[in-house]
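Since the structure comes first, as structure tokens, the remarks are kept for the end.
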Ligand code: PHE
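Residue numbers (this note's numbering): 919 to 1254.
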């Protein structure tokens, strides 16, 4: 036996592999060539009788033969199982396997939607860090030293005295410190509060903050802006209602309701028969905030608003438990 014999043998073997029509036939070929009593072990024994000068090449060719046959068998197995696309085992009449497309998380989708709406009004996105100074998160926002939200029971403090921001309002402070008026920004981001998780509370959640500062900005501008936003987000017949409220950083402050998207204001289970759904907090920027960031409160006025993304997402999609948004169960997420 010589090297040429091996090459012929390999070609024969591969021919038989290709000719095999089912798994059993293929297995028979495998046993005949690669099995313990097959041809290959015999060839290895033959090595002893080969001329010493030819031995290395013979050994190498024998090895290649073994690998070629093993690979050929594997490929043919795949074809017979119908997996390789265009082999003889491929059945073009079978329906294809749809690999499925990923979708963006509902929180991301709603955030993007909200940001988009304000971008059409000329707002630009501003960003800030999750870890904030007490000054940015509270002091500059006119929050008195004894305000309950400063309590360690409500806010996560770090060992160095900083904190995990409990709202996106410190982004306003950062932006005004860095830019002279006029300002028109929208800032989505993650917030943290020491809440016990339940169906409507999560220790981390998302808000979108908006801020508009210029000369002669009025409460009417706020109402017009938010009415436009409500219609874009929920539909053309949605109305907006302001209720007096209190925030340290705005004066006057309001809570803003939209007409219920389910009953359109008639009253139903979702809006507890009131016809209205609370959507966000807002108000006119308190002059003390302008003082803190170095704006001239005699020259400029402004409005600010902040809304919880989870809450809006849950309202729009009819999700009853905020935890669904954080468990990353694909059966839930696939629906969006
Ligand atoms: N920061 C407020 C909150 O977390 C929301 C808000 C923002 C209210 C801006 C008024 C103005 O509840």
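Backbone N, C-alpha and C fix where the C-beta goes; we use that ideal spot for every residue, glycine too.
_Start-to-end residues for the alpha helix (DSSP H) that takes in residue 1088_ = Start and end: 1088-1096.
Exercise. Starting from residue 1135, trace the alpha helix (DSSP H) both ways and give me its first and last residue.
Key: Where residue 1135 is concerned, there is no enclosing alpha helix (DSSP H), given that its DSSP letter is neither H nor E.
* Would you say residue 1160 touches the ligand PHE, meaning its beta carbon is less than 7 Å from a heavy atom? -> It does not: the Cβ of residue 1160 is nowhere closer than 7 Å to a heavy atom of the ligand PHE.
Practice prompt. Using only the heavy atoms of the ligand PHE, determine whether one of them is closer than 7 Å to the beta carbon of residue 1171.
Written response: The answer is yes for residue 1171.
Tell me whether residue 931 is buried or exposed, calling it buried when 16 or more other Cβ atoms sit within 10 Å of its Cβ.
Around the beta carbon of residue 931, a 10 Å sphere encloses 16 or more other beta carbons of the protein chains shown; the residue is thus reported as buried.
| What residue from 1167, 1163, 1019, 1057 has the CA that sits closest to residue 1175's CA? | Residue 1163 is the option with its Cα nearest to residue 1175.
Distance check for residue 1220 and residue 1138, CA to CA, integer angstroms please. Each residue's Cα considered, the two are about 11 Å apart.
Under DSSP, the beta strand (DSSP E) around residue 1159 begins and ends at which residues? Note, residue 1159: beta strand (DSSP E), 1158-1165.
- prompt: Which class does residue 987 belong to by DSSP, given the choice of helix, strand or coil?
  reply: Helix at residue 987.
- Message: Using the three-state DSSP reduction, which class does residue 1020 fall into: helix, strand or coil?
- Response: In the structure shown, residue 1020 sits in coil (DSSP, three-state: anything other than H, G, I, E or B).
*asked:* Could you check if residue 1168 belongs to the surroundings of the ligand PHE, using beta carbon to heavy atom distance under 7 Å?
replied: Indeed, a heavy atom of the ligand PHE lies less than 7 Å from the Cβ.
Please classify residue 1228 as buried or exposed, where buried requires at least 16 other C-beta atoms within 10 Å of its C-beta. Its Cβ being crowded by 16 or more others within 10 Å, residue 1228 is buried.
Taking the beta carbon of residue 1127 as the centre, do at least 16 other beta carbons fall within 10 Å, making it buried, or is it exposed? Buried.
| Between residue 1222 and the ligand PHE, is the CB less than 7 Å from at least one heavy atom? | Yes, since a heavy atom of the ligand PHE falls inside the 7 Å radius drawn around the Cβ of residue 1222.
Given residue 1193 as reference, the closest of 1166, 1157, 962, 925 once Cα atoms are compared: Put simply, of 1166, 1157, 962, 925 the residue whose alpha carbon is nearest the alpha carbon of residue 1193 is 1157.
Open item on the list: For the pair the stretch 1239-1251 and the stretch 1115-1124, tell me if three or more CB-CB distances fall below 8 Å.
Closed with: Taking a contact to require three or more Cβ pairs closer than 8 Å, the stretch 1239-1251 and the stretch 1115-1124 qualify as touching.
- Task: Leaving aside the five residues before and after residue 1107 along the sequence, list all residues of the same chain whose C-beta is less than 6 Å from its C-beta, in chain order.
- Result: Same-chain partners within the cutoff: 1086.
Simplified DSSP assignment, three categories, for residue 1170:
Strand, per DSSP.
Check your understanding: Under a three-way DSSP split, which group does residue 1239 fall into?
Key -> Under the three-state reduction of DSSP, residue 1239 is assigned to coil, being neither helix nor strand.
**Asked** Is residue 1011 buried or exposed, if buried means 16 or more other CB atoms sit within 10 Å of its CB?
**Response** By the neighbour-count rule (16 or more Cβ atoms within 10 Å), residue 1011 is not buried but exposed.
Practice prompt. Put residue 974 into one of helix, strand or coil per three-state DSSP.
Written response: Reduced to three states, the DSSP call for residue 974 is helix.
Report yes if the CB atom of residue 1028 is closer than 8 Å to the CB atom of residue 1197, and no otherwise.
If you check the CB distance, residue 1028 and residue 1197 do not come in under 8 Å.
Exercise for the section: Could you round the C-beta distance between residue 1204 and residue 1167 to whole angstroms and report it? I think they count as a contact, below 8 Å. Expected result: Going by Cβ atoms, the distance from residue 1204 to residue 1167 rounds to 5 Å, so yes, they are a contact pair.
Report yes if the C-beta of residue 1176 is less than 7 Å from at least one heavy atom of the ligand PHE; otherwise report no.
-> The answer is no for residue 1176.
Worksheet item: Taking only beta-carbon atoms, is residue 1169 less than 8 Å away from chain D?
Response: The question asks about chain D, but that chain is absent: this structure has only one protein chain.
Worksheet item: Quick one: what does DSSP say residue 1127 is sitting in, helix, strand or coil?
Response: Three-state DSSP puts residue 1127 in a strand.
Next on the checklist: Going by DSSP in three states, residue 1044 sits in which element: helix, strand or coil?
Outcome noted: Three-state DSSP puts residue 1044 in coil, outside helix and strand.
To the nearest angstrom, report how far apart residue 974 and residue 920 are at their CA atoms. Straight-line spacing of the CA atoms in residue 974 and residue 920 works out to 12 Å.
Exercise for the section: To the nearest angstrom, report how far apart residue 1072 and residue 1246 are at their CA atoms. Expected result: Taking the straight line from one Cα to the other gives about 26 Å.
Relative to the C-alpha of residue 990, which candidate in 1140, 1199, 951 has its C-alpha closest? Minimum Cα distance to residue 990 is reached at 951.
### Query
Around the Cβ of residue 1249, are there at least 16 other Cβ atoms within 10 angstroms (buried) or fewer (exposed)?
When all chains shown are included, residue 1249 counts as exposed.
Can you tell me whether residue 1107 sits near the ligand PHE, meaning its C-beta is under 7 Å from at least one heavy atom of the ligand? No.
Inset, instruction - Give the range of the beta strand (DSSP E) segment to which residue 945 is assigned. - result: Boundaries for residue 945: no beta strand (DSSP E) harbours it, while the alpha helix (DSSP H) harbouring it runs 941-952, taken from the DSSP string.
Practice problem: Quick one: using the 10 Å Cβ neighbour count with 16 as the cut-off for buried, is residue 1043 buried or exposed? | Solution: An exposed status is given to residue 1043, since fewer than 16 other beta-carbon atoms sit within 10 Å of its beta-carbon.
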